[in-house]
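Enquirer:
Protein chains: 2
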Amino acid sequence: MKMNLNIAVVGLGQVGNYLLNELNTKKKEIELITGKRINIVAVSAKNIKKKRKFKVNKDIFFKNPLDIFKLNKVDILFEAIGMSDGISKKVVETALRNKIHVITPNKALISKHGDYLAKLAEDNNVNLEFEASVAGGIPILRTIKEGLATNKITKVYGILNGTSNYILSEMRNSKDSFANVLKKAQKLGYAEPGNPKLDLNGFDAFAKVRILSALAFNTKISKYKCLMEGIEKIELKDIEIASQLNLRIKLLGISEIINGCLFETVHPCLVSKNSYIGNVSGVMNAVILEGKPVGESILQGEGAGPGPTSSSLLSDLLSILKGDIKKPFGIPNNKRKSIKCYNVNNYTNSLYLRFEVKDKPGVLSRITNRLAQYKISVKRMIQTPDKKNNKATVVIITHKTSELNSNNCLAKFKKDKDILKYPTLIRIHN
Amino acid sequence: MKMNLNIAVVGLGQVGNYLLNELNTKKKEIELITGKRINIVAVSAKNIKKKRKFKVNKDIFFKNPLDIFKLNKVDILFEAIGMSDGISKKVVETALRNKIHVITPNKALISKHGDYLAKLAEDNNVNLEFEASVAGGIPILRTIKEGLATNKITKVYGILNGTSNYILSEMRNSKDSFANVLKKAQKLGYAEPGNPKLDLNGFDAFAKVRILSALAFNTKISKYKCLMEGIEKIELKDIEIASQLNLRIKLLGISEIINGCLFETVHPCLVSKNSYIGNVSGVMNAVILEGKPVGESILQGEGAGPGPTSSSLLSDLLSILKGDIKKPFGIPNNKRKSIKCYNVNNYTNSLYLRFEVKDKPGVLSRITNRLAQYKISVKRMIQTPDKKNNKATVVIITHKTSELNSNNCLAKFKKDKDILKYPTLIRIHN
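Chains as they are written, first to last, in the working numbering: chain A, 1084 to 1513; chain B, 1084 to 1513.
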């Protein structure tokens, strides 16, 4: 490898701008560790005039990132635009085809086109690194690819979306509603001001689960959608009842191999108040790996923000500067297997079911009869009357039952006029 | 690098023997990840006949490990004997001089001779890897060297000795004495059956702190002994009082830079029952890193045992097989700085002090007067009488004070005949 390497940074939002500053201020340190000198030769963003925290050198500014390739002298490119397709994909593709190493925090892109881009990188004998795409500053991908390589990983799960975790923690602490806490999160910069949907509906966490599965199980990125639910339907009431039951609600991303099939899911879970995962609060991310022979490993850290993200982007840079060409997913692309998707209907959990009902005789017995009809057995039941409104809240904790069964059972309540809304279902993580 | 590499394993205790089996059973996987084939050409141990879990090929057995070098065909050597000097040092030195890569879990060796051996490795252009020397299966060294490289780390601390953590957890759970729980730990294989001293007096954790500091701060391994205390003096009584105060006792290893000086220490700490570190129980290890820009990162996993240790040893092997020569401590040996040691006299903490006193008038006022004389101010005091024995237990939680001050103050109580034993001091970790 050359002694001097030319760098381009495409996308100068919060992350790209922070990264640029880190690259500028840490050149000496990078040379000390790797023996290589870096030189930033091109930056690109939509708007040169946008107010940014760190100054951008206008002499190397490109409005159209594709023009950067005409320079013909870039060795390593950072893509920090963040789209799953469009110009993000185009820039990364073009870079790899031009034998330029690519580093990106773009989970949407990697979870959708990772297999194709990994092949492109391997064919062109360059690196494609994406440590920052999952869990911000936590070096989780490197840990799976290197630190825990040769372990047989059977399950990887955790808190992968800082926005959701912040909202759930803050609802519990402040006893405030989802809507109000979301506004607070937006003010603090923890949630997108415009459209926070991708954080709240589980999509963001699901993209990370996809990348984690591919690395943990040496499989192609799955195209199947197993089960994806966000936190949008969680009410303060559920959080408070959970507390009474010594439980907490967390949005978990889970990936595991069940009977040789891949099961990937993101959904709110009830976990014990005293469990490790129950105590990961605020914007923190945490990933738990179960492997042999290593046992259970936990990594926790800040999951988002320009600082932690830049930390991971720079670790990718060092990895490239240190030399050898690495396979983007740890093993050669053609050795990564396709894997069947586990049938979500068979996914089995104990459930928390909350019914809002009219407070009149017979309603409770209709609920329990219907559950019995579907062989869903009740472990615990709490009925709280709301005399003033002639209503009652019925919370039932069930023994284990399958998704198919619970879906079929709950659908039957739709026609029951005494059941005031579709029951809230939260799975209990064991 | 060659396509086929010859491996030697020296030391066939629990770890060496387990590793040998892993190497034999994971050859294909290693080839898949690295494209390299491994071949075990030599093993060595004191006693060929010792009963071992996994069979050893006697055709490649060497009683004297130094005879292995006469083969002249070893590329990578695992040292798993575990001594800080003697044959362990001799084997590693000879291997490096013969341009053989070395992998070792030997913290005693690395914390004592790491600088010298790193120079030897660099001079001979081979790798010296020791991921398994700190925190078993947790890839903490790789995380500092690679995943978090370019971060400015300011503090690294954690639970680094599984034996001590098991004993403290189990004393709390079973309400049993130190001596009884130690016996239990020995039965379960968590503590050395013969001489568990190095685990219990803090020495083992201190060796790990030394290695962590060198990596986190890019410094030479310190030769100074800042403060090292084990758990030997912790009584069940202290654990129970801690519980009443919503605290738990943990043996922490801490390394940080204070005013440009290195401060390394191992001692029992009182931590909040609700803190993350207060909830790491049993034989688990946990390391917490504070860095910029990454923020706080936590890694937790099984800290000992042949499985987790082998996981780390194999990650080192993969790292070597993947190619480039790495500096043992991340940056070139001659760039690692020597650093002054922080004066332990200035180390400042809130303290838990337990006095066992004769239950008679004036004793308590003598204690509080003496504390006042040394300007140690009292935050909280709990006196529990033991009428039957005409004794009392006085527990005082102080505001912050320096080591020098507290040592001088407590020494004064030696001559006081009403103070039945030298006061127990446990520092409160903030």
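Built from N, CA and C at the ideal position, the CB exists for glycine as well.
Output the residue ranges of the alpha helix (DSSP H) runs that lie fully inside the stretch 1374-1444 of chain A and measure 4 residues or longer, sorted by chain position.
Expert: Segments of the alpha helix (DSSP H) lying fully in the stretch 1374-1444 of chain A: 1389-1404.
Enquirer: Secondary structure at B:G1245, three-state DSSP: helix, strand or coil?
Expert: Along the second sequence, read from residue 1 onward, the residue named residue 1245 of chain B stands at position 162. Three-state DSSP puts B:G1245 in a helix.
Enquirer: State yes or no: is the beta carbon of A:T1431 nearer than 7 Å to at least one beta carbon in chain B?
Expert: Mapped onto the first sequence, residue 1431 of chain A falls at position 348. So no, A:T1431 is outside the interface.
Enquirer: Verify whether the separation of the beta carbon atoms of A:L1088 and A:D1158 is less than 7 Å.
Expert: By one-based count along the first sequence, residue 1088 of chain A stands at place 5. By one-based count along the first sequence, residue 1158 of chain A stands at place 75. Yes, Cβ-Cβ distance for A:L1088 and A:D1158 is below 7 Å.
Enquirer: Between which two residues does the alpha helix (DSSP H) holding A:I1465 run?
Expert: Numbered from its first residue, the first sequence carries residue 1465 of chain A at position 382. That residue, A:I1465, is in no alpha helix (DSSP H); its beta strand (DSSP E) goes V1461 to D1469.
Enquirer: Examine chain B for any beta-carbon lying closer than 7 Å to the beta-carbon of A:P1411, and answer yes or no.
Expert: Taking the first residue of the first sequence as position 1, residue 1411 of chain A is located at position 328. So, not an interface residue.
Enquirer: Measure the C-alpha to C-alpha separation of B:K1504 and B:V1440 and round it to an integer number of angstroms.
Expert: Here residue 1504 of chain B is taken as the residue at index 421 of the second sequence, counted from 1. Here residue 1440 of chain B is taken as the residue at index 357 of the second sequence, counted from 1. Whole-angstrom Cα-Cα distance: 8 Å.
Enquirer: Can you confirm whether A:L1283, when its beta carbon is compared against all beta carbons of chain B, has any partner nearer than 7 Å?
Expert: Reading the first sequence from its first residue, position 200 is the one you call residue 1283 of chain A. It does not: the Cβ of A:L1283 has no partner Cβ on chain B nearer than 7 Å.
Enquirer: Determine the chain A residues that contact B:R1225 at a beta-carbon separation under 7 Å, and present them in chain order.
Expert: To locate residue 1225 of chain B, count along the second sequence from 1; it is residue 142. The contacting residues are E1229 and G1230.
Enquirer: Counting only Cβ-Cβ distances shorter than 7 Å, please list the residues of the stretch 1168-1192 of chain B near chain A, keeping chain order.
Expert: none
Enquirer: List the DSSP bridge partners of A:R1331.
Expert: One-based indexing of the first sequence puts residue 1331 of chain A at position 248. Note: A:R1331 sits in a beta bridge opposite A:V1354.
Enquirer: Nearest-angstrom Cα distance between A:I1340 and A:N1429?
Expert: Within the first sequence, residue 1340 of chain A is the residue found at index 257, counting from 1. Within the first sequence, residue 1429 of chain A is the residue found at index 346, counting from 1. Between A:I1340 and A:N1429, the C-alpha separation is close to 13 Å.
Enquirer: Roughly how far, in whole angstroms, is the beta-carbon of A:N1207 from the beta-carbon of A:K1238, given that I think they are within contact range, below 8 Å?
Expert: For this step, residue 1207 of chain A is matched to residue 124 along the first sequence. For this step, residue 1238 of chain A is matched to residue 155 along the first sequence. With a Cβ gap of about 34 Å, A:N1207 and A:K1238 do not count as contacting.
Enquirer: Can you tell me the Cβ-Cβ gap for A:I1422 and A:C1344, rounded? I've got them flagged as a contact below 8 Å.
Expert: Counting from 1 along the first sequence, the entry for residue 1422 of chain A is found at position 339. Counting from 1 along the first sequence, the entry for residue 1344 of chain A is found at position 261. Contact flag correct, Cβ pair sits at about 7 Å.
Enquirer: Measure the beta-carbon distance from B:E1119 to B:A1218 and round it to whole angstroms, keeping in mind my assumption that it falls under 8 Å.
Expert: Residue mapping note: residue 1119 of chain B aligns to position 36 of the second sequence, counting from 1. Residue mapping note: residue 1218 of chain B aligns to position 135 of the second sequence, counting from 1. The displayed chain sequence assigns Lys, not Glu, to residue 1119 of chain B. For a cut-off of 8 Å, the C-beta gap from B:K1119 to B:A1218 is around 27 Å, too long to register as a contact.
Enquirer: Would B:S1216 pass as a contact of A:N1234 if the rule is Cβ separation under 7 Å?
Expert: If you number the second sequence from 1, residue 1216 of chain B lands on position 133. If you number the first sequence from 1, residue 1234 of chain A lands on position 151. No.
Enquirer: Bridge partners for B:M1311 per DSSP, in chain order?
Expert: Counting from one through the second sequence, the residue named residue 1311 of chain B turns up at place 228. Its beta-bridge partners are B:V1349.
Enquirer: Could you check where the beta strand (DSSP E) with A:E1105 kicks off and where it finishes?
Expert: Start at 1 with the first residue of the first sequence, and residue 1105 of chain A comes out as number 22. Counting along the chain, A:E1105 falls outside any beta strand (DSSP E), though it belongs to the alpha helix (DSSP H) covering Q1097 to T1108.
Enquirer: Would you check if there are 3 or more beta carbon pairs closer than 8 Å linking the stretch 1155-1171 of chain B to the stretch 1185-1193 of chain B?
Expert: yes
Enquirer: Among A:Y1101, A:L1493, A:S1247 and A:I1479, which one has its Cα closest to the Cα of A:L1397?
Expert: On the first sequence, position 314 is the one that residue 1397 of chain A refers to. That would be A:Y1101, whose Cα lies nearest to the Cα of A:L1397.
Enquirer: As a quick exercise: from B:G1406, B:D1142 and B:N1122, pick the residue whose alpha carbon is nearest that of B:I1131.
Expert: Locating residue 1131 of chain B in the second sequence gives position 48, where the first residue counts as 1. Considering only alpha carbons, the answer is B:D1142.
Enquirer: Compare the Cα-Cα distances from A:Y1359 to each of A:I1502, A:T1348 and A:L1335 and report the closest residue.
Expert: The residue labelled residue 1359 of chain A in the question sits at position 276 within the first sequence. Of the listed residues, the one whose Cα sits closest to A:Y1359 is A:L1335.
Enquirer: Could you check which residue in B:N1104, B:H1350, B:L1179 and B:K1320 has the C-alpha nearest to that of B:D1287?
Expert: If you number the second sequence from 1, residue 1287 of chain B lands on position 204. Taking only the C-alpha atoms, the option nearest B:D1287 is B:H1350.
Enquirer: Verify the CB distance criterion: does B:Q1383 have a CB-CB separation below 7 Å to chain A?
Expert: Numbered from its first residue, the second sequence carries residue 1383 of chain B at position 300. B:Q1383 counts as touching chain A.
Enquirer: Is it right to say A:R1463 is buried, meaning 16 or more other beta carbons lie within 10 angstroms of its own, or is it exposed?
Expert: The count along the first sequence starts at 1 and reaches residue 1463 of chain A at position 380. Flag for A:R1463 reads exposed.
Enquirer: Alpha carbon to alpha carbon, how far is B:R1510 from B:N1301? Give it in angstroms, no decimals.
Expert: One-based indexing of the second sequence puts residue 1301 of chain B at position 218. One-based indexing of the second sequence puts residue 1510 of chain B at position 427. Rounded to the nearest angstrom, the two C-alpha atoms are 28 Å apart.
Enquirer: Are B:F1145 and B:S1127 close, meaning C-beta to C-beta below 7 Å?
Expert: Here residue 1145 of chain B is taken as the residue at index 62 of the second sequence, counted from 1. Here residue 1127 of chain B is taken as the residue at index 44 of the second sequence, counted from 1. Pairing B:F1145 with B:S1127 gives a Cβ-Cβ distance under 7 Å.
Enquirer: With H, G and I counted as helix, E and B as strand and the rest as coil, what does DSSP make of B:M1254?
Expert: The residue given as residue 1254 of chain B occupies position 171 in the second sequence. Helix, per DSSP.
Enquirer: Please work out which residues of its chain come closer than 6 Å, Cβ to Cβ, to A:G1390, disregarding the five sequence neighbours upstream and downstream, and give them in chain order.
Expert: As a working mapping, residue 1390 of chain A is identified with position 307 in the first sequence. Cβ neighbours of A:G1390 beyond the five flanking positions: none.
Enquirer: By DSSP, does B:I1340 sit in helix, in strand, or in coil?
Expert: Counting from one through the second sequence, the residue named residue 1340 of chain B turns up at place 257. Three-state DSSP puts B:I1340 in a strand.
Enquirer: Quick one: is B:V1239 near chain E, going by C-beta distance under 7 Å?
Expert: Structure shown: chain E not included; protein chains present are A and B.
Enquirer: If you compare alpha carbons, which of A:C1309, A:Y1240, A:G1245 and A:K1320 is closest to A:K1258?
Expert: Translated into the one-based positions of the first sequence, residue 1258 of chain A becomes position 175. A:K1258 has its Cα closest to that of A:K1320, out of A:C1309, A:Y1240, A:G1245 and A:K1320.
Enquirer: Rounded to whole angstroms, what is the Cα-Cα separation between A:N1357 and A:S1252?
Expert: Position 274 of the first sequence, counted from the first residue, corresponds to residue 1357 of chain A. Position 169 of the first sequence, counted from the first residue, corresponds to residue 1252 of chain A. Distance between the alpha carbons of A:N1357 and A:S1252: 15 Å.
Enquirer: In this structure, how does DSSP classify A:E1491 when only helix, strand and coil are distinguished?
Expert: In the first sequence, the residue the question calls residue 1491 of chain A occupies position 408. Contrary to the premise, residue 1491 of chain A reads as Asn rather than Glu in this sequence. Helix.
Enquirer: Identify every run of the alpha helix (DSSP H) within the stretch 1160-1203 of chain B, keeping only runs that are complete inside it and at least 4 residues long; order them along the chain.
Expert: Runs found: 1169-1180.
Enquirer: What's the C-alpha gap between A:F1289 and B:T1481?
Expert: Working through the first sequence from its first residue, we reach residue 1289 of chain A at position 206. Working through the second sequence from its first residue, we reach residue 1481 of chain B at position 398. Cα to Cα, the separation comes out at about 49 Å.
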